[in-house]
Amino acid sequence: MHAILISEPGGPEVLEWREVPDPRPEPGEVVIDVTAAGVNRADLLQRQGNYAPPRGASEIPGMECSGVVSEVGADVEGFSPGDEVCALLAGGGYAEKVAVPWEQVTRVPEGVTTVEAASLPEVACTVWSNVFMTARLRRGETLLVHGGASGIGTFAIQLAKAFGAHVIATAGTAAKVARCRELGADEAINYREEDFAEKARADVVLDIIGAKYLRKNVSVLNTGGRLVVIGLQGGAKGELDLGALLAKRAAIHAAALRSRPVPEKGAIVRGVEQNVWPLVAAGAIRPVIHATVPMAQAGEAHRMLESGEHIGKVLLTR
1 MHAILISEPG GPEVLEWREV PDPRPEPGEV VIDVTAAGVN RADLLQRQGN YAPPRGASEI
61 PGMECSGVVS EVGADVEGFS PGDEVCALLA GGGYAEKVAV PWEQVTRVPE GVTTVEAASL
121 PEVACTVWSN VFMTARLRRG ETLLVHGGAS GIGTFAIQLA KAFGAHVIAT AGTAAKVARC
181 RELGADEAIN YREEDFAEKA RADVVLDIIG AKYLRKNVSV LNTGGRLVVI GLQGGAKGEL
241 DLGALLAKRA AIHAAALRSR PVPEKGAIVR GVEQNVWPLV AAGAIRPVIH ATVPMAQAGE
301 AHRMLESGEH IGKVLLTR
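Heads up: the sequence shown at position 131 corresponds to 131 in full-length UniProt numbering, and the numbers run straight through without jumps.
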């Protein structure tokens, strides 16, 4: 098969389309003939040499894909060759084939194409596990989403609204602010023109920025609020006012998805199947796809993501 390899840490030009051995399914794994793969910021960090795959994972980038099951290993439950699926990966998505534990695989939800389905596993599992399983967002509460026009943000807005939350989103351009509102955000703040800390109050904050926003994120929390940090685009080290946290009886959670063990990922995927896919099938949540790029041109997709001009997901297609 062919796959994208990282020749050395660097810019998008180090992504090379090369011939590599086909994967074979180990016990508990299925092999998927990949139709499309999602591009995520973690892939950019891996390309730069700043985010190594978990031990034992493929060195090929790509943390989500969609396609058709072509082989099934021993001890696999519920999947057969020919099934149209999408999957959460520890790596290996930028390829013609990928082997993945069956627990991390789910059938393509009704109402979306196989290509569109590649945009869903990472964002759905990230939002479901962090906003609902960890922070336990409830109907009538307020969710503040940073990066509302990102892949994570566009999905979080829709899912939170479907569960009856009030949603505030931040974004950096007028077009992105408008798109957040179109997706259901009750309020959308252009962070380049306004200070979100002066306008927003929230029960749950979903944050991709990290240190740069830490103080402000704590300041906007309501009593009993929960801050969930899933990205560090604004730095990893910040000063925390524990007194403010205590006064609000608030909590801070920090979580990564890629490094979790297979049983934990499997539980998240099953939760998404049960609670999120029916909303996709009903049309309450729709994939937001900025562009599709041929997989062999993965460098162009990385440039697109790095520009920050995209709204929603960028996909690689076969």
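Glycine included, C-beta positions come from ideal geometry on N, C-alpha and C.
Excluding the five sequence neighbours on either side, which residues of its own chain have a C-beta within less than 6 Å of the C-beta of Ala-244, listed in chain order?
-> Val-218
Assign Glu-122 to buried or exposed, taking buried as 16 or more other Cβ atoms, counted over all protein chains shown, within 10 Å of its Cβ.
-> buried
Go ahead and label Arg-138 buried or exposed: buried means 16 or more other beta carbons lie within 10 angstroms of its beta carbon, across all protein chains shown.
-> exposed
CB-CB under 6 Å to Val-262, same chain, minus the five flanking residues each way: which ones, in chain order?
-> Pro-101 and Glu-103
Closest Cα partner of Gly-56 within the set Gly-49, Glu-26 and Glu-84 | Glu-26
Going by DSSP, what residues sit across from Trp-17 in a beta bridge?
-> Ile-4
Gly-67: first and last residue of the uninterrupted beta strand (DSSP E) it sits in | 64 to 72
Per DSSP, Asn-190 is paired with what?
-> Ala-171
Distance, Phe-79 Cα to Ala-175 Cα | 42 Å
Residues in its own chain within less than 8 Å of Arg-303 by CB, not counting five upstream and five downstream?
-> Pro-12
Residue 406 - DSSP class collapsed to helix/strand/coil | Since the first residue of the chain shown is 1 and the last is 318, residue 406 is not available in this structure.
Look up Lys-237 in the DSSP assignment and say whether it is helix, strand or coil.
-> coil
State the beta-bridge partners of Glu-29 as determined by DSSP.
-> Pro-101
Own chain residues within Cβ distance below 6 Å of Pro-109, not counting five before or after | Trp-277, Val-280 and Ala-281
Leaving out five residues on either side along the sequence, give the residues of the same chain with a beta carbon under 6 Å from the beta carbon of Arg-47.
-> Ile-6
What are the partner residues of Lys-313, as DSSP defines its beta bridges?
-> Ile-289
Which stretch, first to last residue, makes up the beta strand (DSSP E) that contains Ala-95?
-> Taken as a continuous stretch (DSSP letters only), Ala-95 belongs to no beta strand (DSSP E), as it is neither H nor E.
Locate the beta strand (DSSP E) running through Arg-226, then write down its first and last residues.
-> 221 to 229
Beta-carbon spacing of Val-30, Val-72 below 7 Å | yes
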